[in-house]
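Data first, discussion second: the structure below is written as structure tokens.
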Amino acid sequence: MTTQTKLPVDQQTVQAFSEKNGEPGWLSSLRLDALAKAEELPLPKPDKTKIDKWNFTQFTHHTVESDVYASLEELPESLKSLIDADKQENLYIQRNNTPAYLKLSESLKEKGVIFTDILTAAKEHSDLVEKYFMKDAVQVDEHKLTALHAALLNGGAFLYVPKNVELEDPIQAVYVHDNADSALFNHVLVVAEENSSVTYVESYLATEGAGESVANIVTEVVAKDNARVVYGAVDNLSEGTTTYVNRRGITGRDAKIEWALGMMNDGNTISENTTHLIGDNSFGDTKMVVVGRGNQKQNFTTNIRHWGKNSEGYILKHGVMKDAASSIFNGIGKIEKGATKANAEQESRVLMLSEKARGDANPILLIDEDDVTAGHAASVGRVDPMQLFYLMSRGISQQEAERLVIHGFLAPVVSKLPIEGVKQQLTEVIERKVNV
Amino acid sequence: MASTLVIKDLHVEIEGKEILKGVNLELDSGKIHVIMGPNGTGKSTLASAIMGHPKFEVTKGEVLLNGENVLEMEVDERALAGLFLAMQYPSEITGVTNADFLRSAINARREEGQEISLMKFIKELDKNMDFLEMDQNMAQRYLNEGFSGGEKKRNEILQLMMIRPEFGILDEIDSGLDIDALKVVSKGINKMRGEDFGCLIITHYQRLLNYIEPDHVHVMMQGRVVKSGGPELAKRLESEGYEWIKQELGIEDETVGQEA
Chain A
836 MTTQTKLPVD
846 QQTVQAFSEK
856 NGEPGWLSSL
866 RLDALAKAEE
876 LPLPKPDKTK
886 IDKWNFTQFT
896 HHTVESDVYA
906 SLEELPESLK
916 SLIDADKQEN
926 LYIQRNNTPA
936 YLKLSESLKE
946 KGVIFTDILT
956 AAKEHSDLVE
966 KYFMKDAVQV
976 DEHKLTALHA
986 ALLNGGAFLY
996 VPKNVELEDP
1006 IQAVYVHDNA
1016 DSALFNHVLV
1026 VAEENSSVTY
1036 VESYLATEGA
1046 GESVANIVTE
1056 VVAKDNARVV
1066 YGAVDNLSEG
1076 TTTYVNRRGI
1086 TGRDAKIEWA
1096 LGMMNDGNTI
1106 SENTTHLIGD
1116 NSFGDTKMVV
1126 VGRGNQKQNF
1136 TTNIRHWGKN
1146 SEGYILKHGV
1156 MKDAASSIFN
1166 GIGKIEKGAT
1176 KANAEQESRV
1186 LMLSEKARGD
1196 ANPILLIDED
1206 DVTAGHAASV
1216 GRVDPMQLFY
1226 LMSRGISQQE
1236 AERLVIHGFL
1246 APVVSKLPIE
1256 GVKQQLTEVI
1266 ERKVNV
Chain B
17 MASTLVIKDL
27 HVEIEGKEIL
37 KGVNLELDSG
47 KIHVIMGPNG
57 TGKSTLASAI
67 MGHPKFEVTK
77 GEVLLNGENV
87 LEMEVDERAL
97 AGLFLAMQYP
107 SEITGVTNAD
117 FLRSAINARR
127 EEGQEISLMK
137 FIKELDKNMD
147 FLEMDQNMAQ
157 RYLNEGFSGG
167 EKKRNEILQL
177 MMIRPEFGIL
187 DEIDSGLDID
197 ALKVVSKGIN
207 KMRGEDFGCL
217 IITHYQRLLN
227 YIEPDHVHVM
237 MQGRVVKSGG
247 PELAKRLESE
257 GYEWIKQELG
267 IEDETVGQEA
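Listed in order, the protein sequences are those of chains A and B. Under the numbering used here, the first residue of the first sequence carries the number 836, and numbering increases by one thereafter. Under the numbering used here, the first residue of the second sequence carries the number 17, and numbering increases by one thereafter.
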């Protein structure tokens, strides 16, 4: 079956956008090819969430021009608190679709580290970007949304860490959405060469809530042999924004990818996070927290696929659902034939704060190899009345007691975020979402 | 002025089954009361019901703290009014450090803007943890999570010492403790002893009373306080058991089983 949806952009618009940006030929043709596929391909089918009526395609403008920030002084307060202006030497800020601020320390430049917006990277480091962009982690033709993403790509970042380079301080990116007219087709590509190590932390932040909008976000992380990538993210897009976000990684031998994801969008969201443990002895770890509120519907599919021998995968997801919010948590540990001694562990916990909220935790283990270990735990429940009784018996009010229990429930993931400002941001977002 | 805690004809049910069948008891500040009795006679139910445990339903009676019926209050209001329950099985709460929890509890007793300063809090906490021979890192551990039985009991006494309530109800604070831990826990309780503090200790074992000299001893059987006396009563229970009381009062068919 093919789904026909009229897209708000045509071939000419895409072509013109690509030309205006002076993109290399491979990217232009990739876009046009993808656009044709986007017309044909069906939507993805996240398990247990029906999305055929969701708006992933209708937006006012593909791209808007926003003012840049000449210095960090000009940032709105909500952003300033995210950034340690004195210490953060490696920072990219994108305002809607406009690269608004970029800083990369001289020492990293000297070491050959590349960190810039994705469209500039496609021009200036064309071969490198072409080699990895939507090749091994996420493919253009998986479904309508990946194809649309490739066709309409209008933002994101490229981070390249050469062989043997170990970055001590985190690289930070902030994607500000303050114009609901703009659609976000953001692509983050992180390539960590052999024996390298990097921490990247991003925040998606909506400063103005109103309006219908679309976000289609893809991240690809390539961790080569013995590389280590820590990837932190806080997604906090507005109620009117329908989000498709797909963060994927692939590992070489002995490589490690660790995700710490704070999923705090207020709108309907489909999130996929997949780690392909290709190399032997490679390691994948996903920690995710979710707070759902209002009437939002969300689906979080976390997938670790073991191909390499001795590969280890861990998934930990904690979600809090209030009001009439509804979330599906699918956790998949898949061990392929030949991945002997692999270990797949996962845990999903959902805390329900209201009668109307819905939470569904589905742990799935698919194992095609005998010599492995695997385990899962899942629960959906309410705040334990005995915990509340205990806290209240010390004089703490019910509201404060619930706040403590909820924060405590989310803490194991929050504490993993590697940048203090972003950790603080997540804590505050949680506070705001849980308490109102 | 001395505080009083008066329990009048208290009847309590759990899941439709009556456990307390008319408990009467009067406590004064400055005094240590002990309730003893065989398993399953409602001692722990009494402690939990006074504090407002969600599983217990009070069907009749009053608990008056300085004349006010605490049964009409929420759990946190009872605590703010001056009650404290050291629990037999304290809850474990992930992600909330012991120190943060204690500060919240102390600040709940203070007006906004009058919160305890961090310095003063830490000083007080350090002092009490030293006194109870607790490892300093327990302040930063998650509340009761992974604590041993003995650590949990010490932590209950630590809270008692930090919060300084008018009345402390200690539910089997001695169960599962080795002799060293028992001495430390007793030391904490004795430190609290004074004009402004009243205490109700619930125990199975006379051995706690080797370290804490009670002012009054009460015996509970079949959901009632059936006998009261001084420290000598506990000594007689230790040497002779409960049989003589049953005979004296004509009690039969003692409930055997786990305490609710």
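Just so you know, even glycine gets a beta-carbon here, dropped at the ideal spot from N, CA and C.
Please name the residue, chosen from B:LEU224, B:GLN156, B:LEU101, that lies closest to B:MET177 on a Cα-to-Cα basis.
Translated into the one-based positions of the second sequence, residue 177 of chain B becomes position 161. Among B:LEU224, B:GLN156, B:LEU101, the Cα nearest to that of B:MET177 is on B:LEU101.
Can you name the residues that DSSP bridges to A:HIS1111?
Mapped onto the first sequence, residue 1111 of chain A falls at position 276. DSSP output for A:HIS1111 lists A:ILE1085, A:ARG1140 as bridge partner(s).
What does the alpha-carbon distance come out to for the pair B:ASN171 and B:LYS139?
What you label residue 171 of chain B is simply residue 155 of the second sequence in a count that begins at 1. What you label residue 139 of chain B is simply residue 123 of the second sequence in a count that begins at 1. B:ASN171 and B:LYS139: Cα-Cα distance of roughly 17 Å.
Could you pull the start and end residues of the beta strand (DSSP E) that A:ARG930 belongs to?
Along the first sequence, one-based indexing puts residue 930 of chain A at 95. From DSSP, the beta strand (DSSP E) with A:ARG930 extends over 926 to 930.
Taking the continuous alpha helix (DSSP H) assigned at A:VAL1064, which residues delimit it?
Here residue 1064 of chain A refers to the residue found at position 229 when the first sequence is read from its first residue. Premise fails: A:VAL1064 lies in the beta strand (DSSP E), 1063 to 1071, not in any alpha helix (DSSP H).
Checking 7 Å against the spacing of the C-beta atoms, do A:THR1136 and A:ASN1165 come in under that value?
Position 301 of the first sequence holds residue 1136 of chain A. Position 330 of the first sequence holds residue 1165 of chain A. Against a cut-off of 7 Å, the Cβ pair of A:ASN1165 and A:THR1136 comes out as a contact.
In this structure, does DSSP put A:GLU1190 in helix, strand or coil?
Along the first sequence, one-based indexing puts residue 1190 of chain A at 355. Coil.
Do you know offhand how far B:HIS69's Cα is from A:SER1214's?
Taking the first residue of the second sequence as 1, we reach residue 69 of chain B at position 53. Taking the first residue of the first sequence as 1, we reach residue 1214 of chain A at position 379. Taking the straight line from one Cα to the other gives about 25 Å.
Find out if the Cβ-Cβ distance for the pair B:VAL50, B:ILE217 is shorter than 7 Å.
For the purposes of this step, residue 50 of chain B is identified with residue 34 of the second sequence, where counting begins at 1. For the purposes of this step, residue 217 of chain B is identified with residue 201 of the second sequence, where counting begins at 1. It is a contact, given that the beta carbons lie within the stated cut-off.
For the region 1198 to 1231 of chain A, list every residue whose C-beta sits within 9 Å of some C-beta in chain B, in sequence order.
ASP1219, PRO1220, MET1221, GLN1222, LEU1223, PHE1224, TYR1225, LEU1226, MET1227, SER1228, ARG1229, GLY1230, ILE1231
From the DSSP output, in three-state form, read off A:ILE918 for me.
What you label residue 918 of chain A is simply residue 83 of the first sequence in a count that begins at 1. Coil at A:ILE918, not helix or strand.
Three-state secondary structure (DSSP) at A:LEU1252?
For the purposes of this step, residue 1252 of chain A is taken as the residue at position 417 of the first sequence. Three-state result, A:LEU1252: coil.
What residues in its chain sit with their C-beta under 6 Å from that of A:GLU1037, if we drop five residues either side in the sequence?
The count along the first sequence starts at 1 and reaches residue 1037 of chain A at position 202. Hits under 6 Å: ALA1008, ALA1068.
Considering only residues of the same chain and omitting the five flanking positions on each side of A:LEU1019, which have a CB-CB separation below 6 Å?
Residue numbering aside, residue 1019 of chain A sits at position 184 when the first sequence is read from its first letter. Closer than 6 Å at the Cβ level, and outside the excluded window around A:LEU1019, lie ALA1050.
Count the other C-beta atoms from every protein chain shown that fall within 10 angstroms of the C-beta of A:LEU1201, then say buried if there are 16 or more, exposed otherwise.
The sequence position of residue 1201 of chain A within the first sequence is 366, counting from 1. Exposed, because fewer than 16 other Cβ atoms sit within 10 Å of the Cβ of A:LEU1201.
Neighbour list for B:ASP92 in chain A, Cβ cutoff strictly below 9 Å
Reading the second sequence from its first residue, position 76 is the one you call residue 92 of chain B. Neighbours of B:ASP92 on chain A, chain order: LEU1226, MET1227, SER1228, ARG1229, GLY1230, ILE1231, SER1232, GLN1233, GLU1235, ALA1236.
Is A:VAL1269 close to chain B? Criterion is C-beta to C-beta, closer than 7 Å.
Counted from its first residue, the first sequence places residue 1269 of chain A at position 434. By this cut-off, A:VAL1269 is not an interface position.
Proximity winner among B:THR20, B:SER202, B:ALA18, B:ASN40, relative to B:ARG240 (alpha-carbon distances):
Taking the first residue of the second sequence as position 1, residue 240 of chain B is located at position 224. The shortest C-alpha separation from B:ARG240 is found at B:ASN40.
Hey, A:ILE1231 and A:GLU1204: beta-carbon distance below 7 Å or not?
Along the first sequence, read from residue 1 onward, the residue named residue 1231 of chain A stands at position 396. Along the first sequence, read from residue 1 onward, the residue named residue 1204 of chain A stands at position 369. The answer is no: Cβ separation not under 7 Å.
With distance defined between alpha-carbon atoms, name the residue in B:LEU193, B:LEU81, B:GLN104 nearest to B:GLU93.
Here residue 93 of chain B refers to the residue found at position 77 of the second sequence. Comparing Cα positions, the closest option is B:LEU81.
Contact criterion: CB-CB distance below 7 Å. Does A:GLY1243 meet it with respect to chain B?
The residue you call residue 1243 of chain A lines up with position 408 of the first sequence. A:GLY1243 counts as touching chain B.
Residue burial classification, A:ALA956 (beta-carbon count within 10 angstroms, cutoff 16)
Indexing the first sequence from 1 puts residue 956 of chain A at position 121. By the 10 Å Cβ count, A:ALA956 comes out buried.
Cα-Cα separation between B:LEU36 and B:GLY58, rounded to whole angstroms:
Here residue 36 of chain B refers to the residue found at position 20 when the second sequence is read from its first residue. Here residue 58 of chain B refers to the residue found at position 42 when the second sequence is read from its first residue. Each residue's Cα considered, the two are about 6 Å apart.
Got a sec: which bits of the region 928 to 947 of chain A sit with their beta carbon under 7 Å from any beta carbon on chain B, in order along the chain?
none
Candidates B:ASN55, B:GLU167, B:MET135, B:GLY257: closest to B:SER107 by CA position:
Against the second sequence, residue 107 of chain B aligns to sequence position 91. B:SER107 has its Cα closest to that of B:GLU167, out of B:ASN55, B:GLU167, B:MET135, B:GLY257.
Excluding five sequence neighbours on each side, which residues of the same chain lie with their C-beta closer than 7 Å to the C-beta of A:ALA982?
The residue given as residue 982 of chain A occupies position 147 in the first sequence. Cβ within range, chain order: ALA869, LYS872, ALA873, LEU876, VAL975, ASP976.
Please confirm if the region 1150 to 1168 of chain A is in contact with the region 1117 to 1131 of chain A, defined as three or more CB-CB distances below 8 Å between the two stretches.
yes
I'd like to know whether the C-beta atoms of A:THR1104 and A:GLY1084 end up nearer to each other than 7 Å.
On the first sequence, residue 1104 of chain A is found 269 positions in, with the first residue counted as 1. On the first sequence, residue 1084 of chain A is found 249 positions in, with the first residue counted as 1. Not closer than 7 Å, so no.
Against chain C, does B:ILE109 count as a neighbour if the rule is that its beta carbon must be under 7 Å from one of theirs?
Included in the structure are the protein chains A and B, with no chain C among them.
How would you list, in chain order, the residues of chain B whose beta-carbon sits under 9 Å from the beta-carbon of A:PRO1247?
Position 412 of the first sequence holds residue 1247 of chain A. Those are THR110, GLY111, listed as they occur along chain B.
Let me know if B:GLU275 comes out buried or exposed under the rule of 16 or more other beta-carbons within 10 Å of its beta-carbon.
Reading the second sequence from its first residue, position 259 is the one you call residue 275 of chain B. At B:GLU275 the pLDDT is 45, less than 50, meaning the model places this residue with poor confidence and gives no usable figure here.
If you run the structure through DSSP and keep just helix, strand and coil, what is A:VAL1023?
On the first sequence, residue 1023 of chain A is found 188 positions in, with the first residue counted as 1. Strand, per DSSP.
What residues from the region 172 to 183 of chain B come within 7 Å of chain A, judged by C-beta to C-beta, listed N to C?
GLN175, ILE179
Is the shortest distance between the beta-carbon of B:ILE23 and the beta-carbons of chain A less than 7 Å?
Start at 1 with the first residue of the second sequence, and residue 23 of chain B comes out as number 7. Not one chain A Cβ lies under 7 Å of B:ILE23.
Measuring CB to CB, does A:LEU988 end up less than 7 Å from A:HIS1022?
Reading the first sequence from its first residue, position 153 is the one you call residue 988 of chain A. Reading the first sequence from its first residue, position 187 is the one you call residue 1022 of chain A. Contact flag set, yes.
How would you write the range of the alpha helix (DSSP H) that B:ILE138 sits in, first residue to last?
Taking the second sequence and counting its residues from 1, one reaches residue 138 of chain B at position 122. 134 to 147 is the extent of the alpha helix (DSSP H) around B:ILE138.
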